[in-house]
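Participant:
In the working numbering, the protein residues as written are 6 to 350.
Okay, here's the thing in structure tokens:
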């Protein structure tokens, strides 16, 4: 069993991509053939060369919400940052949020965000979390869209800019609810997806609303003691049919991102079969996990000591991933959310 230290590596700071490239599919692509450990350097625009007619790409249609809000405490004028984590239930205006400084977000107090949006604190929770209810207006979603800013990753060490509103969102983003992007999908353009479908690659669309916990570090040396965050997912009847019929016909199911991969493995009811379902998942995948559905994975390069690095090590093999990351660093690939991509087959 591997320990947390086994997933550490030195990531040169200059390799962290602070901004996206001018065009989405201009990214580089490192292809890892997991059965042999062979590596290929190419461009993301060439991804179609590695896919076959009858394969299925599984994409996560979640849409990132502008989750970072700035508010003023009505009674004192204190300034507070509120970060939306997730809606308490799909049909309410009650949210679990993180507050900074949390001590200034008090139960029963009212906080003004802008001329049309305010909230009241319903409950004070541990670790800076609060439950708030946005006060009744015609459309809270639209109000949040206008009031909030894009929640780009903390390791970028910058405020969100206008370009992030478009580029920290996949071109196929559809269902609002994520507070972090499924970043492997950021490399795709509509044209590239259309060309893949023309080649006979099927597209299955699922949803997993990526939570803030995706950035939460593992702090236990025994990785089995780490508690994963919970995220909401949906696998529709249509998506399940596409995935299952692909497996039956001998095609490969290739997840675009670790979020799509986690959803597939959550919805798997047996080897090669997923069930149309919805709910929450806190699945934690690490070696020696045996995958039930996944045949391939498109992913970005992940932070040291992260659950995402553990997951891809379970899929591709620990030594293969160490070798691939050493190669990516030596070849100056761009890392993390706005960085380059990796295809594992």
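Don't be surprised by glycine CBs; every beta carbon is placed ideally from N, CA and C.
1) Alpha carbons only, please: which of 295, 97 and 105 is nearest the one belonging to residue 134?
2) How many angstroms separate the CA atom of residue 194 from the CA atom of residue 25?
3) What span of residues does the beta strand (DSSP E) with residue 305 cover, start to end?
4) Does the beta carbon of residue 267 sit closer than 8 Å to a beta carbon anywhere in chain B?
5) On the criterion of 16 or more Cβ atoms from any shown chain inside 10 Å, does residue 251 qualify as buried, or is it exposed?
6) In whole angstroms, what separates the C-alpha of residue 128 from that of residue 97?
7) Do you know offhand how far residue 130's Cα is from residue 219's?
8) Might you give, ordered along the chain, the residues of its own chain that have their beta carbon closer than 7 Å to the beta carbon of residue 138, omitting 5 neighbours on each side?
9) Can you tell me whether residue 156 is buried or exposed, with buried defined as 16 or more other CB within 10 angstroms of its CB?
10) State the Cα-Cα distance for the pair residue 109 and residue 76, rounded to the nearest angstrom.
11) Does the region 272 to 281 come within contact of the region 308 to 324, defined as at least 3 CB pairs closer than 8 Å?
12) What residues in its chain sit with their C-beta under 6 Å from that of residue 107, if we drop five residues either side in the sequence?
13) Give, in chain order, every unbroken run of the beta strand (DSSP E) that is at least 3 residues long and sits entirely within the region 52 to 126.
14) At the level of alpha carbons, what is the spacing between residue 80 and residue 18?
15) Could you round the C-beta distance between residue 68 and residue 183 to whole angstroms and report it? I think they count as a contact, below 8 Å.
16) From the DSSP output, in three-state form, read off residue 316 for me.
17) Let me confirm a value: residue 1 is counted as buried when at least 16 other C-beta atoms fall within 10 Å, else exposed. Which label applies?
18) For residue 177 versus residue 213, is the C-beta distance shorter than 8 Å?
19) At what residues does the alpha helix (DSSP H) containing residue 22 begin and finish?
Facilitator: Put simply:
1) On the chain shown, position 129 is the one that residue 134 refers to. A check of alpha carbon separations from residue 134 across 295, 97 and 105 identifies 105 as the nearest.
2) Start at 1 with the first residue of the chain shown, and residue 194 comes out as number 189. Start at 1 with the first residue of the chain shown, and residue 25 comes out as number 20. Straight-line Cα distance between these residues: approximately 14 Å.
3) Counting from 1 along the chain shown, the entry for residue 305 is found at position 300. Note, residue 305: beta strand (DSSP E), 301 to 305.
4) Within the model displayed, chain B is absent; a lone protein chain is all it includes.
5) In the chain shown, counting from the first residue as 1, residue 251 sits at position 246. Burial call: buried.
6) Numbered from its first residue, the chain shown carries residue 128 at position 123. Numbered from its first residue, the chain shown carries residue 97 at position 92. The straight-line gap from Cα to Cα measures roughly 16 Å.
7) As a first step, residue 130 is located in the chain shown; it is residue number 125 there, counting from the start. As a first step, residue 219 is located in the chain shown; it is residue number 214 there, counting from the start. Separation of residue 130 and residue 219 (C-alpha to C-alpha, rounded to the nearest whole angstrom) is 20 Å.
8) The residue given as residue 138 occupies position 133 in the chain shown. Cβ within range, chain order: 98, 99, 124, 125 and 127.
9) Here residue 156 refers to the residue found at position 151 when the chain shown is read from its first residue. Looking at its Cβ environment, which holds 16 or more other Cβ atoms inside 10 Å, residue 156 is buried.
10) Locating residue 109 in the chain shown gives position 104, counting from the first residue. Locating residue 76 in the chain shown gives position 71, counting from the first residue. Their backbone Cα atoms lie some 11 Å apart in a straight line.
11) Contact between the region 272 to 281 and the region 308 to 324 is absent, because fewer than three Cβ pairs lie under 8 Å.
12) As a working mapping, residue 107 is identified with position 102 in the chain shown. Taking residue 107 as the centre and dropping the five residues before and after it, the same chain places the C-beta of 133 closer than 6 Å to its C-beta, in chain order.
13) Inside the region 52 to 126, DSSP marks whole beta strand (DSSP E) runs of 3 or more residues at positions 61 to 65, 67 to 69, 73 to 78, 84 to 92, 99 to 105 and 115 to 117, from first to last along the chain.
14) Position 75 of the chain shown, counted from the start, is the residue given in the question as residue 80. Position 13 of the chain shown, counted from the start, is the residue given in the question as residue 18. Near 43 Å, if we compare the C-alpha coordinates of residue 18 and residue 80.
15) Translated into positions along the chain shown, residue 68 becomes position 63. Translated into positions along the chain shown, residue 183 becomes position 178. Yes, they are in contact, since the Cβ atoms of residue 68 and residue 183 sit about 7 Å apart, within 8 Å.
16) As a working mapping, residue 316 is identified with position 311 in the chain shown. DSSP, read as helix, strand or coil, puts residue 316 in helix.
17) In the structure as shown, the chain starts at 6 and stops at 350, and residue 1 therefore has no counterpart that could be examined.
18) In the chain shown, residue 177 corresponds to position 172, counting from 1. In the chain shown, residue 213 corresponds to position 208, counting from 1. No.
19) Here the question's residue 22 lines up with position 17 in the chain shown. No alpha helix (DSSP H) holds residue 22; DSSP gives it neither H nor E.
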